[in-house]
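Reviewing the structure listed below.
There are 4 protein chains.
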Amino acid sequence: MGAPAIPGVMKRGRPRSEQVERAILRAAGDLLTEHGLAAMTIEDVAARAGVAKTSIYRRWSTKGTLALDAFLADFLGSQPLPDTGNLENDLTAALRAWVRTVRGTPTGRALAELIAQAQSDPDLAVAWRERVVGPARAQHRKILEHAVARGEIPDTSDVEVLMDLLFGTAYHRLLQGHLPLTDRFVRRVVAVIVAGAKAGAAAPPTP
Amino acid sequence: MGAPAIPGVMKRGRPRSEQVERAILRAAGDLLTEHGLAAMTIEDVAARAGVAKTSIYRRWSTKGTLALDAFLADFLGSQPLPDTGNLENDLTAALRAWVRTVRGTPTGRALAELIAQAQSDPDLAVAWRERVVGPARAQHRKILEHAVARGEIPDTSDVEVLMDLLFGTAYHRLLQGHLPLTDRFVRRVVAVIVAGAKAGAAAPPTP
Amino acid sequence: MGAPAIPGVMKRGRPRSEQVERAILRAAGDLLTEHGLAAMTIEDVAARAGVAKTSIYRRWSTKGTLALDAFLADFLGSQPLPDTGNLENDLTAALRAWVRTVRGTPTGRALAELIAQAQSDPDLAVAWRERVVGPARAQHRKILEHAVARGEIPDTSDVEVLMDLLFGTAYHRLLQGHLPLTDRFVRRVVAVIVAGAKAGAAAPPTP
Amino acid sequence: MGAPAIPGVMKRGRPRSEQVERAILRAAGDLLTEHGLAAMTIEDVAARAGVAKTSIYRRWSTKGTLALDAFLADFLGSQPLPDTGNLENDLTAALRAWVRTVRGTPTGRALAELIAQAQSDPDLAVAWRERVVGPARAQHRKILEHAVARGEIPDTSDVEVLMDLLFGTAYHRLLQGHLPLTDRFVRRVVAVIVAGAKAGAAAPPTP
DNA sequence: GCGTAACCGAGACGGTACGTCCCGTCTTGAT
DNA sequence: ATCAAGACGGGACGTACCGTCTCGGTTACGC
């Protein structure tokens, strides 16, 4: 006895404080929503969390990955997985929920700034794809696969492209800011995609 | 002669050197393509152009607007306005040209980084919309309006949404990097949009 | 005209501010005498002088050389060059002046700490020898050369060794702190050196 | 057995490991000679000794006192107590031995850096005087007292001043580095001191 | 043909934040 | 009570750029 359950994983030294971790994430989240990612500095986060800078660098290598964790604490779970038995309804519900979370909110700005940051922070880019894009697409893929199972759209449909059409269009307005994310916008985007998909346009051509 | 073309705008003192302007834009463009926007500093641009920092700040207020000008020197005009008499062909040609310019190229990275920078640089955001998004959309709008004129798609179609669908989807893959910008991707995106538009899905519902 | 008097020395750019220089030296000198060299930080000097850290690093490469300049502003000139026509009197006056400046004073501590710092700061070591040790020895050498000229001590006397005996002994008590720098100490050190020198002990043996 | 030798000092808990102590001193000594005191950090010593930092702090309060112990392991005993029946010979032998140990050697640098460190580390200053200066002077005092006993120099001679003259002069060249510690230097320093002492110059004046 | 106002290069300036190093203390589980 | 390990709050480091400013020197227009 006294031996660790899993030899190689036996922890040595003082364990990292969960309290410190929480304080950092809370401070980072606050600064992110108050002033945005560009104005958020590691030094401010440390000061606000009552923590040494080293305690932050020990856990996160870049500002981006820290901001991502702070962001996900708020964002994850706010995106529902609707399943009404009708593709148009499901997609509309999913996109509407996203628009509500994002339009004119600190969350929306944080989302935009994180994507921005990922353009020059490879660590963040990887984490972003694995922890945000991946899970979100997994949810949306289910919606489309259910529609396929129900026979609403052809089973040869390119589901990935359909998802890109749905959210790519929405991200476009978020990031370019040329036009607002209205409800009518949501309805029309969904209508075109559903009509196109039902017509078999997302599937390989039949010769 | 000697009198200014526009009386109130008469210039006094030494005029700004066009040579300086060109040197700055070339240096900025080089650094942008070599190292990216995030790594481009005003100080480096000045050093590389053999120019004083003040000569840069006299002309551009932020790094972003300078980078935009350097970028547009290369980018503008590389996007054709196809007009084949067929909507699907026109959209495919337009999107294909964009993909070719952007996929795996310094231009593509610069494009992504400029959109990123615009998220935290309001000056750049405005300039971006006015000088890139606006003109590009004006071109694409023509394609769609020709299709309407030909009767290919209903004249009540929401042209703005159709454009967002086309390029939003493409920008999505560029910025998120989760999937590649293949030719098949282009064809399917266009196919869905055209099918949806022809079905009247981008138009207000008829009661 | 318009050409500089000395071509290569033509100054370009904004000249360094003498006011900044003075403020830095004053702040450094104050901190040096108040808290000592070990507790003096570049950051504190900058804050106290109301100056950016970069303005200090632009002028001094190490803390030691900065402290040296701050020290010399006070120290230089406080060491007289006595010339009474009698070697013992001259040496006594010189050593007494040094002891008075140094014993139990901030100047004494600064002196000790600068020598300490020079043990691990090669830049300072060089500057110390050139700007403090050299000039001081030049003065003391004169005293001894006058004694030689008067015939008080042999002209073959090793003047360097005699100077080392005089001040080395005094520095010893300053740095080791094992015994105080009393006036009796001064008189006896001088007496032994003068007696030894007159006896020709500092000269090469005559075979 | 098991009972403590001295009742009130009976130890509880795990005893300190002598092996740890040795490992620390060896690591400290190595780093001291390889990189010097200024570059020696507690963290490096711990890593090199394969020991926790706390195991060092448990035994030594400051870097200086640790370095002192590491230094003395090498230095002590390398300084002989000559007794040839002739003052000049004895002093020459003593000073020559010191010069040999110190000139151009890691020991010499360590010696200089320890004196340097003592200028801002009161703990080390005290230990230095008690454990280095005191014992060394006790030895040298014997040499001089023997000379007094033999009648070579007056019994009223200020032995302390004579010792300061001998080693102060040598430390001066070690610490200031302005001139080398040659053998001729040693001979002349000794010659002046002995001549001065024999002339009664280190004694109170006889009225 | 002479001012003079804006330009130009150079580089100093105050300032912010960076990411790192090391400090000396503490908290763990194991001896 | 000691040990190895390593997290912790903290302080200062020296650097990189920022955007502004102050120099001496250079145009080119308008008097």
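Residue numbers (our numbering), protein chains in the order written: chain A, 277 to 483; chain B, 277 to 483; chain C, 277 to 483; chain D, 277 to 483. The C-beta atom is built at its ideal place from N, Cα and C for all residues, glycine as well. These numbers come from a predicted model, not from an experiment.
Pairing C/Leu371 with D/Arg324, the inter-Cα distance amounts to about 47 Å. Against chain C, the CB of D/Leu455 has a partner CB under 8 Å away; the residue lies at that interface.
Not a single C-beta of chain D is nearer than 8 Å to the C-beta of C/Thr458. The beta-carbon of B/Ala343 is placed no less than 8 Å from the nearest beta-carbon of chain A. When the five nearest sequence neighbours on each side are left out, the beta carbons in the same chain lying within less than 8 Å of the beta carbon of D/Leu442 are those of Leu367, Ala370, Leu371, His416, Val465, Val466, Ile469, in order along the chain.
Here C/Gly289 is exposed, its C-beta having fewer than 16 other C-beta atoms within 10 Å. Non-local beta-carbon contacts of A/Phe351 in its own chain, meaning distances under 7 Å to residues more than five positions away in sequence, involve Thr383 in chain order. Taking A/Arg413 as the centre and dropping the five residues before and after it, the same chain places the C-beta of Met439 closer than 7 Å to its C-beta, in chain order. The distance from the Cβ of C/Leu307 to that of C/Glu389 is about 12 Å, inconsistent with a contact at the 8 Å cut-off. Separation of B/Thr338 and B/Leu400 (C-alpha to C-alpha, rounded to the nearest whole angstrom) is 8 Å. Our two residues, D/Pro430 and D/Gly353, have alpha carbons roughly 30 Å apart in a direct line.
DSSP places A/Trp336 outside any alpha helix (DSSP H), giving it a letter other than H or E.
Inside the segment 407-431 of chain A, DSSP marks whole alpha helix (DSSP H) runs of 4 or more residues at positions 410-426, from first to last along the chain. Contacts with chain C (Cβ-Cβ distance below 8 Å) from the segment 413-438 of chain D involve Arg413, Asp434, Glu436, Val437, Leu438, listed in chain order. Beyond the five residues adjoining it in sequence on each side, B/Leu457 comes within less than 6 Å, by CB distance, of Val375, Arg379, Arg449 in the same chain, given in chain order. Contact with chain B is found for A/His448, since one of that chain's Cβ atoms lies less than 8 Å from the residue's Cβ. Per DSSP, A/Asn362 lies in no alpha helix (DSSP H) segment and is marked neither H nor E. When Cβ-Cβ separations below 8 Å define contact, B/Ser337 makes no contact with chain A. The Cβ-Cβ distance between B/Phe347 and A/Val437 does not fall below 8 Å. Annotation for C/Leu307: the continuous alpha helix (DSSP H) segment containing it runs 294-311. In summary, A/Gln452 is buried, with 16 or more beta-carbon neighbours lying within 10 Å of its beta-carbon over all protein chains present. Per the coordinates, the alpha-carbon of B/Asn365 lies some 32 Å from the alpha-carbon of A/Gly410. A/Arg405 places its beta carbon less than 8 Å from that of B/His454.
B/Ala392 places its beta carbon less than 8 Å from that of A/Gln395.
Between C/Met316 and C/Ala349, the C-beta spacing is not below 8 Å.
When the five nearest sequence neighbours on each side are left out, the beta carbons in the same chain lying within less than 6 Å of the beta carbon of A/Ser331 are those of Val296, in order along the chain. Looking at A/Pro398, A/Thr377, A/Arg335, the one whose alpha-carbon comes closest to that of A/Gln355 is A/Thr377. Between B/Ser433 and A/Gly472, the alpha-carbon positions lie close to 14 Å from each other. The alpha-carbon separation between C/Ile318 and A/Arg335 amounts to approximately 30 Å.
One finds nothing in chain D with a Cβ atom closer than 7 Å to the Cβ of C/Arg407; even the nearest lies about 12 Å away. Listed along chain A is no residue with a C-beta nearer than 8 Å to that of B/Ile318; the closest approach is about 17 Å.
Judged by DSSP secondary structure, D/Thr445 falls within the alpha helix (DSSP H) whose first and last residues are 445-452.
Neighbours of B/Val465 in chain A, taken as residues at a C-beta separation under 7 Å, are given in chain order as Val437, Leu441. The criterion of a C-beta distance shorter than 8 Å is not satisfied by B/Thr341 and A/Thr445. Nearest C-alpha to C/His422 among C/Ala475, C/Gly361, C/Leu301: C/Gly361. Closer than 8 Å to the CB of C/Gln355 there is not a single CB belonging to chain D.
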